[in-house]
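Undergrad:
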């Protein structure tokens, strides 16, 4: 950006400017207690952000240990086979249940959703806090299993292995059960908020697309998570009481467990990706300074994905002993769920067309998302095709596909959203240069790590393997180098953001030129979000805002004929 | 249809897939592999096309429409275009349906064995594979004849395992409590790797075995010879083999640690403490009785859970096992 | 805090109507999650019953139909008193509300008592789930069957199950392993009867836990009702507790015929 | 005031919310439910061929609808609440039907009575 004037005009700005010095939600009430018992969605969102990023760090450490072990094909002094098995289980469980499922909805969603709605809070603030503490409880129980016998079942807990292993499956499963309730309550809160708290002027089809994404996610959380709950309860009963519903040794059916598990866990990947798509929809419009292209198609595609995602769980079971008939149905539906995702990608591209594209850090994450999610989505076609799936199932190809969608999609969008809303959260701008360097390193490191795994997988390397045939060593070494690069990139991102908290330039109310409601209040927002209840207009009317060099941010254009009203 | 597949396969197949294995796929060891690889390359080229399209448009837009001044505005352009939306919804639908149909029909073929196929019973257990041939011979590797359809009837003894031969593009989970079937026709003599792909615990990544594809006639010779291992091997060697392949090793270790049953190490010729305070000398008769009537004498500290091997092991085989036990000092 | 906001309305709602509707919608969504939670068990039921109908037909006879029917009636009555209680709360009939809540809780306790009798009976008979199933199932009356009595097997520790592979029979014999009609037609108890009791105990057990949870919630309502907290303008908690209680009834309405009235 | 202390307003002069169901309706529903319970027990004693399960389920569904419509006020409520509930039922049916479809298709592969860890 050329010519950013960093001086802020302190006086006479009124609402909508930097509020670091004055009353804002961060200064509204002091002391630890005012945080721990807060009902303010913004504070709860921040607490979520802290614990979720800590989980990300923990899961990342497990990943680095795994990748380091895999530098050599044989035994390793770093860890033995059992420890390795526990490592990949913990990496999966922590990343999925603790980080990525609550990541965008609970952390970013909690902070942003009421702001986007022009509301003062979510519908049930106390349930919101309860949901946070359920998360904490669940996380403590689940991580407690590390001390009492870290689980080695893989995050999928397949029976009968999970009923016979001597590790502490019950603790992990009970923890995930509690986390499930946290997720359900978050979803419930968001659905009711979106239904009942929309401001004047915000019809369903004038909602920001991030809300559509969150709404789709919330439907999934509500409809799918209870099934996970009962599955885990039955698994606990299986281990503790020998109930015999999933354990073939007692006359049960292990394939039924897989149906139960994937009925939740497939929609769960859409719980992870839908809000990410919502973030991308916001960002691509703002940073192209152009109205989003094909709003209704993107909105409908979110709901289409949410519904279709319930119909495809069987594609995790193509080689597991599922019948041919079910395989055919699930394969077909799997291909159908690709369509709405493709539609979104095309719409985002069309939004960029003839735009005015600002390559700020969040936009770099958008471009990164389009690239990585493109690969992640297209490799889904390989896995959806039954005959090819037989070869690729349970190989590194699946690992790579999953990471391209979940990291390349969700985490990249999460980082983009974090950089986008960071000024609003803390009232500070981060260093743009380091932000970009971080984004670039993450992109390069990620591709090096996981693209190699596509090749390795299609060459036939089975996943979850402590030992591997030495033919695959070059791939593994390259992948590990990529993982280290990725880690360095993430450290740069973290340091840059943390640094900004203390040294960052005070952020203007609207640093990016967004037209959604959260940019119409000060950065950071006051305790009640808005001094007066705002009236919602078109959330993508970004052209109504113009850059004002004096404040380093965007201000609303004056009606024609008058000078800008800053 | 078939001709169409053939044609598309030829057109696309050359670049990414070769019979000897290429950048993406390993060597093609079976008829199924050829079919799978064709679909793989179709999907690959469709993906490459769309990926290049998306990324090059993205890069082009970024370069062409880059914001040079903070006040720059977007050039006015439509906010939606229903025709365009419908087009880019419909085209992918058509493409994925083609991929689905082809993938499914090939999958059906991979799953329905020809009537005349040669059946082998595959048993997965922690952590090895056992292959039982129609003659009753049990082996730790899968031996087959080239160009012969072989169907595998698979089950598991404990947890779920995954039977995977990358060169044959063949994979199926092996589930306890049920039989699943798979088949293939190997096209080239040689040795191919077998993995376990369904995570099954400590030794999951060691559950390797080989498919040995014999020249015509070679398989029969091998089976003949292998089945006669009692004659061709020394009794102790044969006994060792029986202990491994007939399930003894599942409960009885040979390294001194107790499993479900007592260890075999330093067993023969010593006194054995029995349940109820008695002892018995571990001689030929004791071992024979323990195999045929396992409940007759229970070793102190162990559960009486061993099934009888009456009718499952011949006299000669029991003798071989005894000879083997003698060597475990 | 804006000055014009009514005192007892949460600060983020504009009207009482909005707040009431939000609470109700939230509760209905919660009930939806309950449906799917039980849905898993109904699914397990459906799968096992449709594959092994003979197990269900055989084993349901061990359940006490009369007690089941009585319990159904008890829950329906409690639902009625609950619905009536909500009505009284809405109309501000304080004493009636308290009495009806007490009646509802008493009926719930009655339900649990009857359930306890049933469980105790099953426990005595050893009619339990998987690992603990130890009932000696009787041979049906009639001419002695050709079915061989199983050889007496020694005490068995299920945790140390045998890992011995089956006798190496050639795959030729495998063809006979198809679906055997022996179960449905042959006399004597079918195999895997314990599956029915696993389903029975998980379904009624989870339902029982919900009854207990419902009693706790109703007790809380009772405490608040005695303090006179509810009236025509504030009855949402009673209403929501009522919705939950009716759902518990609703699930039992399905459990009863599915478990007790099989034919 | 402390935020969200009260879930609903109380003692506020506002329009009353919710619908009061007449006692007669409640009592009638109660009677109907008990009658249907008796009916389903009676019907269970009669062999209706292959429709036993269907009839039992039909009666149960009828009873459940009465509870939903009157005891749970669905008839008088916002349609959205009913939509939520029906959506849950649809997802449940989807789950059961696909799981059933598959388990039926692979049932012939199961080894009958396989339960090695069970004491016989």
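Residue numbers (the numbering used here), protein chains in the order written: chain A, 12 to 577; chain B, 32 to 360; chain C, 34 to 296; chain D, 47 to 166.
Every residue, glycine too, gets a C-beta built ideally from N, C-alpha and C.
Since the structure is predicted, the reported quantities are computational estimates derived from the model, not experimental observations.
Could you tell me whether any non-hydrogen atom of the ligand FMN is closer than 8 Å to the CB of residue 505 of chain A?
TA: Absent from the structure shown: the ligand FMN. Ligands present: none.
Undergrad: Once the 5 residues before and after residue 275 of chain B are set aside, which same chain residues still bring their CB inside 8 Å of it?
TA: 171, listed in sequence order.
Undergrad: Taking the alpha carbon of residue 222 of chain A as the point to measure from, which residue in A:137, A:138, A:120 and A:235 has its own alpha carbon closest?
TA: Looking at the Cα atoms, A:120 is the closest of the given residues.
Undergrad: Should residue 156 of chain C be labelled buried (16 or more other beta-carbon atoms within 10 Å of its own) or exposed?
TA: Answer is exposed; the Cβ neighbour count stays below 16.
Undergrad: Let me make sure I understand the geometry here. Which of A:432, A:184, A:339 and A:391 has the alpha-carbon closest to that of residue 280 of chain A?
TA: Comparing Cα positions, the closest option is A:391.
Undergrad: Return the chain-ordered list of same chain residues with a C-beta closer than 7 Å to the C-beta of residue 280 of chain C, the five sequence neighbours on each side being excluded.
TA: For residue 280 of chain C, where only same-chain residues beyond five positions count, the Cβ hits under 7 Å are 64 and 67.
Undergrad: Please confirm whether residue 59 of chain C and residue 200 of chain A have their CB atoms less than 9 Å apart.
TA: Yes, the Cβ-Cβ distance between residue 59 of chain C and residue 200 of chain A is below 9 Å.
Undergrad: Leaving out the 5 sequence neighbours to the left and right, which residues in its chain are closer than 8 Å to residue 426 of chain A when beta-carbon positions are compared?
TA: Counting only Cβ-Cβ distances below 8 Å, and skipping sequence neighbours, we find 376, 450, 453 and 504.
Undergrad: Return the residue from the list A:198, A:216, A:478 and A:547 that minimises the CA-CA distance to residue 311 of chain A.
TA: Comparing Cα positions, the closest option is A:216.
Undergrad: Could you please give me the residues that DSSP links to residue 564 of chain A through a beta bridge?
TA: Answer is A:559, bridged to residue 564 of chain A.
Undergrad: Could you tell me the distance, in whole angstroms, from the CA atom of residue 278 of chain C to the CA atom of residue 255 of chain C?
TA: Each residue's alpha carbon lies about 14 Å from the other.
Undergrad: Mind checking residue 68 of chain D: buried by the 16 CB within 10 Å criterion, or exposed?
TA: So residue 68 of chain D ends up on the exposed side.
Undergrad: With three or more C-beta pairs closer than 8 Å as the rule, is the region 189-205 of chain B touching the region 220-227 of chain B?
TA: Contact between the region 220-227 of chain B and the region 189-205 of chain B is present, because at least three Cβ pairs lie under 8 Å.
Undergrad: Helix, strand or coil for residue 330 of chain A per DSSP?
TA: Residue 330 of chain A: coil per DSSP, three-state reduction.
Undergrad: Could you name the residues of the same chain whose beta carbon sits closer than 7 Å to that of residue 137 of chain B, not counting the 5 residues immediately before and after it, in chain order?
TA: Closer than 7 Å at the Cβ level, and outside the excluded window around residue 137 of chain B, lie 66, 67 and 70.
Undergrad: Is it the case that the region 253-272 of chain B contacts the region 341-359 of chain B, given that we only count it when at least three CB pairs across the two stretches are under 8 Å?
TA: Yes, the region 341-359 of chain B is in contact with the region 253-272 of chain B.
Undergrad: With 9 Å as the threshold, decide whether the Cβ of residue 116 of chain D is near any Cβ in chain C.
TA: With 9 Å as the cut-off, residue 116 of chain D counts as an interface residue toward chain C.
Undergrad: Less than 9 Å between CB atoms is the rule here; does residue 62 of chain B satisfy it with respect to chain D?
TA: Cβ-Cβ to chain D under 9 Å: no for residue 62 of chain B.
Undergrad: Under 9 Å, Cβ to Cβ, is there at least one residue of chain B near residue 155 of chain D?
TA: Judged by the 9 Å Cβ criterion, residue 155 of chain D is in contact with chain B.
Undergrad: How about residue 70 of chain C and residue 239 of chain C: do their beta carbons lie closer than 9 Å?
TA: Result yes, Cβ atoms of residue 70 of chain C and residue 239 of chain C sit closer than 9 Å.
Undergrad: In the region 362-396 of chain A, which residues sit with their C-beta less than 8 Å from some C-beta in chain B, listed in chain order?
TA: For the region 362-396 of chain A, which is checked against every Cβ of chain B, the residues closer than 8 Å are 363, 364, 365, 366, 367, 368, 369, 370, 378, 381, 382, 385, 386, 389, 390, 392, 393, 395 and 396.
Undergrad: If you check the beta carbons only, do residue 210 of chain B and residue 368 of chain A fall under 9 Å apart?
TA: No. Outside cutoff.
Undergrad: Expressed to the nearest angstrom, what Euclidean distance is found between the alpha-carbon atoms of residue 459 of chain A and residue 331 of chain B?
TA: Near 58 Å, if we compare the C-alpha coordinates of residue 331 of chain B and residue 459 of chain A.
Undergrad: Report the CB separation of residue 405 of chain A from residue 473 of chain A in whole angstroms; it is logged as a contact under 8 Å.
TA: Indeed, because the Cβ distance is near 6 Å, the residues count as touching under 8 Å.
Undergrad: Whole angstroms are fine: how far does the CA of residue 111 of chain A sit from the CA of residue 604 of chain A?
TA: Residue 604 of chain A lies beyond the range of chain A shown here (12 to 577); nothing can be said about it.
Undergrad: Quick one: measure Cβ to Cβ for residue 93 of chain C and residue 292 of chain C, integer angstroms, because I've assumed they're closer than 8 Å.
TA: Going by Cβ atoms, the distance from residue 93 of chain C to residue 292 of chain C rounds to 7 Å, so yes, they are a contact pair.
Undergrad: Just the Cα atoms here: how many angstroms apart are residue 342 of chain B and residue 273 of chain B?
TA: So the alpha carbons of these two residues sit roughly 15 Å apart.
Undergrad: Between which two residues does the beta strand (DSSP E) holding residue 248 of chain C run?
TA: From DSSP, residue 248 of chain C is part of no beta strand (DSSP E) but of the alpha helix (DSSP H) over 227-259.
Undergrad: Measure the C-alpha to C-alpha separation of residue 213 of chain C and residue 158 of chain D and round it to an integer number of angstroms.
TA: Per-residue confidence for residue 213 of chain C stands at a pLDDT of 40, beneath the threshold of 50, marking its modelled position as unreliable; the derived number appears in the next sentence. Those two C-alpha atoms are separated by around 7 Å.
Undergrad: Below 6 Å CB to CB, which residues in the same chain sit around residue 273 of chain A once its five sequence neighbours on both sides are set aside?
TA: So the qualifying residues of the chain are 324 and 327.
Undergrad: Show which residues of chain A have a CB atom less than 7 Å away from the CB atom of residue 134 of chain D.
TA: Correct list: 234.
Undergrad: For a test of the three-state rule: what should DSSP assign to residue 122 of chain A, helix, strand or coil?
TA: In this structure, residue 122 of chain A counts as helix in the three-state DSSP scheme.
Undergrad: List the whole-angstrom C-beta distance separating residue 539 of chain A from residue 131 of chain A, where the pair is believed to meet the contact cut-off of C-beta under 8 Å.
TA: That pair is a contact at about 5 Å.
Undergrad: Closest to residue 126 of chain A by CA distance: which of A:141, A:184 and A:541 is it?
TA: Residue 126 of chain A has its Cα closest to that of A:541, out of A:141, A:184 and A:541.
Undergrad: Within 9 Å of any Cβ in chain A, is that where the Cβ of residue 243 of chain C sits?
TA: By this cut-off, residue 243 of chain C is not an interface position.
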